[in-house]
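Engineer: Quick one: structure below, then a few questions.
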Amino acid sequence: PLYSFKDLGKRFGLGDLLVKYDGGNPTGSYKDRATVVAIAKAYEKGFDTIYCASTGNAASSLAGLSAPTDLKTYIFLPAKAPIAKISQLFVYGACVIAIDGSYDTAFDISMRIGEEKGWYSRNSAINPYLLEGKKTGAMEIAVQNDWKVPDFVMVGVGDGTVISSIYKGFFDLYMIGLVDRIPRIIGVQAEGADAVKRAFEGGEPFKPHDVIAETVADSISVGKPRDVIKACKYVKRSGGFFITVSDEEILLSVKELAEKTGIFAEPAGAVPYAGMKKLVERGFFKKEDTVCLMVTGNGLKDIKAVEKLVDLKPVKPDLESVREVIEGEDKFQDQWKGNEC
């Protein structure tokens, strides 16, 4: 769905704040859009086995959506991926190969094994068909917003594939005359995984700039982005740019986004909200601007990341103690609900 939070947007000094939420997809993330295309192509080309490397979401997407098929499924991912995402893989019955290393290491190993075995790849930036699935997110924004294009679309960035697909979706619509322009696309990366931003700021020809990725936003924890050149070119063509946010800003945004909109995003899904707030603080947007945030994953996929936000204090089992808690909470709620962002 595409949600409009106009009142919240006005509190940020915007014309409207849109949220494109993919946490309700079959396996809870944006990656399902690409996976259905990959599975269809695997069948079309006569493969009996499909594989991918993932930080977690593409893995659970492939495992879940291939479960009712007769395709054998192999998943390569870092062993430190969130347990909620790893658990999904075993429930769906995929063969899980947890690499004691980074996502980038898992990716490289998966490619070597996939080529050796002759399997069909669902790896981002390697399989060109994935972009065709992911671009549907942009197309839905246009359709669901009555063909009005937002001024800005903000996207969390890891490999660079999703942000590239957002541009392509709007570009395709523009080329056939269904929209009158392409929005400015802003990529938001974690400070600890900012390889695409570094490449962009280095200027053309946008040479890859590998980093050692470390961030709470596991879905965008990529040190060696595979779609960096395409992402940089498309963002530049749109008139956009890249910014970074800290892990602290990301976790606070998970909580604030949920409290303000009712949308519980995983850390990577809250990254665009954190980036939007940073740009608001800098006075970047105009009061008539419409900003769309791509919330790409459900918060239930990585509960452990937000455990530190939980402040659960036992209350004595008597009415007076409960009344005291409620009185204090009422004051807090009144202050919170009335506060400007």
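To get our numbering, take the position in the sequence shown, counting from 1, and add 34. Each residue gets a CB set at the ideal place from its N, CA and C atoms; glycine is no exception.
#1: Out of Pro116, Tyr108, Ala115, Ile117, which has the shortest C-alpha to C-alpha gap to glycine 127?
#2: If you count every other CB in all the chains shown that lies within 10 Å of the CB of tryptophan 153, and 16 or more means buried, which is it?
#3: Given this structure, state the Cα-to-Cα distance separating alanine 118 from valine 183, to the nearest angstrom.
#4: I'd like to confirm the pairing. Which residues does DSSP put opposite aspartate 50 in its beta bridges?
#5: I'd like to know whether the C-beta atoms of alanine 265 and isoleucine 284 end up nearer to each other than 8 Å.
#6: Where does the unbroken alpha helix (DSSP H) through tyrosine 163 begin, and where does it stop?
#7: What do you reckon, are the CB atoms on lysine 65 and threonine 83 nearer than 8 Å?
#8: Looking at the unbroken alpha helix (DSSP H) that takes in isoleucine 337, where does it start and where does it end?
#9: Considering alanine 224, what are the terminal residues of the beta strand (DSSP E) in which it resides?
#10: To the nearest angstrom, report how far apart lysine 335 and alanine 74 are at their CA atoms.
#11: Grab the span of the alpha helix (DSSP H) containing lysine 264 for me, first residue to last.
#12: Just to confirm, is the Cβ distance from glycine 167 to valine 71 under 8 Å?
#13: Quick one: grab the DSSP three-state call for asparagine 179.
#14: Check this for me: beta carbons of methionine 188 and isoleucine 216, under 8 Å apart or not?
#15: Does the beta-carbon of threonine 278 have 16 or more other beta-carbons within 10 angstroms, so that it is buried, or is it exposed?
#16: Would you mind working out which of Phe110, Ile297, Phe81, Asp214 sits nearest serine 158, comparing C-alpha positions?
#17: Hey, could you find the ends of the alpha helix (DSSP H) threonine 295 is sitting in?
#18: Determine the closest residue to lysine 258 out of His243, Tyr268, Glu248, with distance taken between C-alpha atoms.
#19: Within the chosen definition, does the stretch 48-66 reach the stretch 317-336 through at least 3 CB pairs nearer than 8 Å?
Structural biologist: Let's see:
#1: Locating residue 127 in the sequence shown gives position 93, counting from the first residue. Comparing alpha-carbon positions, the option among Pro116, Tyr108, Ala115, Ile117 lying closest to glycine 127 turns out to be Tyr108.
#2: Start at 1 with the first residue of the sequence shown, and residue 153 comes out as number 119. Within 10 angstroms of the beta-carbon of tryptophan 153 lie 16 or more other beta-carbons, which makes it buried.
#3: Here residue 118 is taken as the residue at index 84 of the sequence shown, counted from 1. Here residue 183 is taken as the residue at index 149 of the sequence shown, counted from 1. Near 35 Å, if we compare the C-alpha coordinates of valine 183 and alanine 118.
#4: Locating residue 50 in the sequence shown gives position 16, where the first residue counts as 1. DSSP lists Thr324 as the beta-bridge partner residues of aspartate 50.
#5: For the purposes of this step, residue 265 is taken as the residue at position 231 of the sequence shown. For the purposes of this step, residue 284 is taken as the residue at position 250 of the sequence shown. Taking 8 Å as the Cβ cut-off, alanine 265 and isoleucine 284 do not qualify as a contacting pair.
#6: By 1-based counting over the sequence shown, the position of residue 163 is 129. Under the DSSP assignment, tyrosine 163 falls in the alpha helix (DSSP H) whose first and last residues are 163-168.
#7: The residue labelled residue 65 in the question sits at position 31 within the sequence shown. The residue labelled residue 83 in the question sits at position 49 within the sequence shown. Going by C-beta atoms, lysine 65 is not nearer than 8 Å to threonine 83.
#8: Along the sequence shown, one-based indexing puts residue 337 at 303. Unbroken run through isoleucine 337: none, as it is neither H nor E.
#9: Counted from its first residue, the sequence shown places residue 224 at position 190. From DSSP, the beta strand (DSSP E) with alanine 224 extends over 218-224.
#10: If you number the sequence shown from 1, residue 335 lands on position 301. If you number the sequence shown from 1, residue 74 lands on position 40. Taking the straight line from one Cα to the other gives about 25 Å.
#11: Locating residue 264 in the sequence shown gives position 230, counting from the first residue. Unbroken alpha helix (DSSP H) run through lysine 264: 262-272.
#12: Walking along the sequence shown from the start, residue 167 turns up at place 133. Walking along the sequence shown from the start, residue 71 turns up at place 37. Closer than 8 Å, so yes.
#13: Taking the first residue of the sequence shown as 1, we reach residue 179 at position 145. Asparagine 179 falls in the coil class under three-state DSSP.
#14: Reading the sequence shown from its first residue, position 154 is the one you call residue 188. Reading the sequence shown from its first residue, position 182 is the one you call residue 216. Not closer than 8 Å, so no.
#15: Here residue 278 is taken as the residue at index 244 of the sequence shown, counted from 1. Its Cβ being crowded by 16 or more others within 10 Å, threonine 278 is buried.
#16: Residue mapping note: residue 158 aligns to position 124 of the sequence shown, counting from 1. Proximity to serine 158 across Phe110, Ile297, Phe81, Asp214 peaks at Phe110, based on C-alpha coordinates.
#17: Counting from one through the sequence shown, the residue named residue 295 turns up at place 261. Looking at the DSSP string, the run of the alpha helix (DSSP H) that includes threonine 295 is 281-295.
#18: As a working note, residue 258 is residue 224 in the sequence shown. The residue among His243, Tyr268, Glu248 with its C-alpha nearest the C-alpha of lysine 258 is His243.
#19: With the cut-off at 8 Å, the stretch 48-66 and the stretch 317-336 touch.
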